Structure formats: C-alpha cells, structure tokens
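Reading through the structure tokens given below for one structure.
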Amino acid sequence: MTTDQPMAIATTEMFAPYLNDVEEALQNALNEFTEPAWLYDPVRYLFSSGGKRIRPLLTLLACESVGGSRDAAFPAAVAVELLHNFTLVHDDIMDSSLKRRGRDTVHVKWDQNAAILAGDVMMGMAMRLLMRSAHYAPKPLDVIDAFSTGLIEVCDGQALDLAFMERDDVTPEEYFTMIEKKTARLLEMSVAIGANVGGATNGRVTALRAFAREIGIAFQMQDDILDLTSPEAFGKQAGGDIVEGKRTWLMLECARRVREDVDALSEHTSLISTFFANNGLDSEQVPRVISMMQTYGVTTDATALVEKYTNDAFEHLHQVPHNPARDMLEALAKMLMKRDM
C-alpha cells in the first residue's frame, strides 16, 4: 500500500497541465454568455462544484496519441464536458436527486424549468465549441457524427435504465447494452472526437473507441461491486443499489441463477420476487442478498468480468503505436479503475 500511493500522486500530477488548461478553457466558454442571469447562473453554479474532467482529458490525450495538436482539441474537450454535465442536470430531474457533488442539484436550488433550460443551453454551447475543433479535423463530419451519435446513444441508455425499473424480466445481456450506452458511450465518444480532430486513421479511431468502451463497462461493473463491498469509500450505505431497486448485473445474474435452480431455497426465491415487485428491498435485507450472491458465485464472476473488460481495453489501446500520450491514457484508465481520480 505504501508503494502505490506515491505512484498515484505522481500520476495525478502529470495530468495537472491538461486539467488546468481545461478549466481555463471551460471558464472562457462560460464567460461568453452571462445574460439572462436566470439561465446562465445555474450553469456556472454547476461547474463551480468541480468535477474530475475525465472526458475532456480523454479527448485531449486521444488527439495527442495519434499525433494531433492539443490546442486544436481544446474546444471539443470543453464540449464533451458540457455534454456530460447536460446529462447530469437532466438525470437529476428524472431521478428526483437532491444532491450533486455535495450541493443542491440545479432543480432544487432554482426550479425544474431553470434546470431543463440550463441543460439545453449547455448542449447549444457544446455544439458551438465542437464546430471550432471540427474545423481542424481532416474529416469534420466524423467529429460531428461522433458527438451526435454519442448523444443519441446516451439518451438510449438512460431510457433503457428507466424502462428497466418497470420490468422484472431484464436480462444480464440487456444490462450490458444499457451500461454500454449510458456509461461507456460518453467515454467512447470523447476519444473518438479527439482522435478524429487529430487526424487518426480509421483503424486507430476504432482501437481507441474500443479501449474507452471496455474501460467504461469495466468501470460501471466495478462500481456496482463496490456498492456491495466498499460503500464507505463513497459515503454510502452497503447495498444502496439493492435498496433502490437498481438492475445491476449482479442482481440480474443472481436472479437468473436462482430462477434456474430447481433446488433454490424459498428464502432466495422470495428475496428475488420481492426485489422486483417492490423495486428494492429494506436495508435490513441487504446482508441476505449479498450472502445469496456469494452462494451463487455472482460476486466472484462479476470481478472476473471486470478484469476481462479491463484487459481487453488495454489490448485495444496497445494497437495505437507507443507514445507518451498513449501512456497517459493507460495511466488514466488505471487510475479510474483504482478510483484514484
């Protein structure tokens, strides 16, 4: 443990020049629009609460990894961060979330109308900035297509996630489709935009997209596992996803195995039925669900899947010729998986 920490600190520091420049570019973009204050104050409020800026980092590093100019990719990097926050504002409304990054959500601090418009205007600002970077790309339409297709599929993923809450027959395979679109697609879009701005070949764009997609899936699956095993790291209760009725791979795969087991205990079948019927369980039942998952080997298999997706991601990344930016992409992905970012 003592050997890992200095490495984590050093790795974080190597991103500082990028992150500082992203913040400056983001503030410049926000300062272009100030009136009416009722519209733009919520946007500035949202960004003043910070954020990891993972997606703009991916855009910049992907651009550099294929020999492109970081300066050309900065507007696009800010655009993907605006898009990401647009999705957060609208997700908070749909989920009736009260807090975001430890502060009141936009619709709580202002109202729902202000939050909807704040999200909408961020999308307009993002498109405006994206066009500036697309101007430098050999194939500008590829940049625009990556952005617009990514947005559509993120919306698809959110729609699937919401629809799952009304169903008791969601399959583990459908879960992967959902997280690929809702979680992984934004990461994939970020590197695709950067690579296209940098003039990458189709093969390198494909490799970078696959890298980001696999890391995104691994990250979300690991997040689901940590909800059960290390909730204190996030200031949450153990099994919060179970209480909230979230259709995670662990719960869906566990349900599949219990339903297919002719010798399943009545306690296990009852837990599964109640989870889907009530869209969640009482916190007192969480330890029983975790024990059931362990009995059926679900947690172990989920961990193995995370490792598989992570390894696959790096295999795709290594199809890009070695250079410092590729090393930084790999370091960033490893930090994400270790929750050091």
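Heads up, the sequence shown is in my numbering, so the first residue is 1018 and it goes up one at a time.
Where a beta carbon is used, it is the ideal one built from N, C-alpha and C, also for glycine.
From a predicted model like this one, the values you see are computed outputs, not experimental measurements.
Residue from Ala1294, Ser1283, Phe1331 whose Cα sits closest to the Cα of methionine 1309 = Ser1283
Are the CB atoms of phenylalanine 1228 and phenylalanine 1331 nearer to each other than 9 Å?
-> yes
9 Å Cβ cutoff met for alanine 1209 and alanine 1079 = yes
Determine contact between the segment 1280-1300 and the segment 1201-1208, defined as no fewer than three beta-carbon pairs at a distance below 8 Å.
-> no
Assigned secondary structure, aspartate 1178 (DSSP; H/G/I helix, E/B strand, else coil) = helix
Identify which residue in Gly1167, Ala1342, Arg1118 has its Cα closest to the Cα of valine 1097.
-> Gly1167
Assign histidine 1124 to buried or exposed, taking buried as 16 or more other Cβ atoms, counted over all protein chains shown, within 10 Å of its Cβ.
-> buried
Would you list the residues sitting across from lysine 998 in a DSSP beta bridge?
-> This structure cannot speak to residue 998, because the chain is shown only from 1018 to 1358.
Leaving out five residues before and five after alanine 1027 in sequence, what residues of the same chain have Cβ atoms less than 6 Å from its Cβ?
-> At alanine 1027 the pLDDT is 44, less than 50, meaning the model places this residue with poor confidence; the figure from the coordinates comes in the next sentence. Cβ neighbours of alanine 1027 beyond the five flanking positions: none.
Proximity test, Cβ basis, 9 Å: leucine 1322 and chain C | Absent from the structure is chain C; it holds one protein chain and no more.
In terms of residue numbering, what span does the alpha helix (DSSP H) encompassing tryptophan 1055 cover?
-> 1054-1065
Between phenylalanine 1050 and valine 1138, is the Cβ-Cβ spacing less than 9 Å?
-> yes
To the nearest whole angstrom, what separates the beta carbons of leucine 1243 and proline 1189, a pair I think is in contact under 8 Å?
-> Going by Cβ atoms, the distance from leucine 1243 to proline 1189 rounds to 19 Å, so no, they are not a contact pair.
If you drop the 5 nearest sequence neighbours on each side, which residues of the same chain put their C-beta closer than 8 Å to that of leucine 1146?
-> Ala1046, Pro1092, Ala1093, Val1095, Ala1096, Leu1099
Classification of glutamate 1301 by the beta-carbon crowding that lies within 10 angstroms, buried from 16 upward | exposed
Are glutamate 1231 and tyrosine 1326 touching if we call contact CB-CB under 9 Å?
-> yes
Roughly how many angstroms lie between the CA atoms of alanine 1235 and proline 1157, to the nearest whole one?
-> 31 Å
With respect to the alpha helix (DSSP H) encompassing alanine 1192, which residues constitute its N-terminal and C-terminal limits?
-> The amino acid occupying residue 1192 in the given sequence is tyrosine; alanine does not appear at that position. 1189-1196 is the extent of the alpha helix (DSSP H) around tyrosine 1192.
Exposed or buried, which one is methionine 1024 when buried takes at least 16 other CB atoms within 10 Å?
-> Residue placement at methionine 1024 is flagged as unreliable, the pLDDT there being 40, under the threshold of 50; the coordinate-derived value follows with that caveat. The residue is exposed, with fewer than 16 neighbouring Cβ atoms inside 10 Å.
Compare the Cα-Cα distances from aspartate 1128 to each of Glu1170, Ser1113, Thr1104 and report the closest residue.
-> Ser1113
Spatial neighbours of alanine 1350 within its chain, please: CB distance less than 7 Å, with the 5 preceding and 5 following residues excluded, ordered by chain position.
-> Ile1232, Ala1330
With DSSP collapsed to three states, give me the class of threonine 1051.
-> coil
Is DSSP giving glutamate 1041 helix, strand or coil here?
-> helix
Would you kindly work out how many angstroms separate the C-alpha atoms of valine 1365 and proline 1304, rounded to a whole number?
-> Here the chain covers residues 1018 to 1358 and nothing more, so residue 1365 does not appear.
Among residues of its own chain, excluding the 5 on either side of threonine 1020, which ones have a beta-carbon nearer than 8 Å to its beta-carbon?
-> Unreliable positioning characterises threonine 1020 in this predicted model, as indicated by a pLDDT of 35, which lies under 50. The coordinate reading is nonetheless provided below. So no residue of the chain qualifies.
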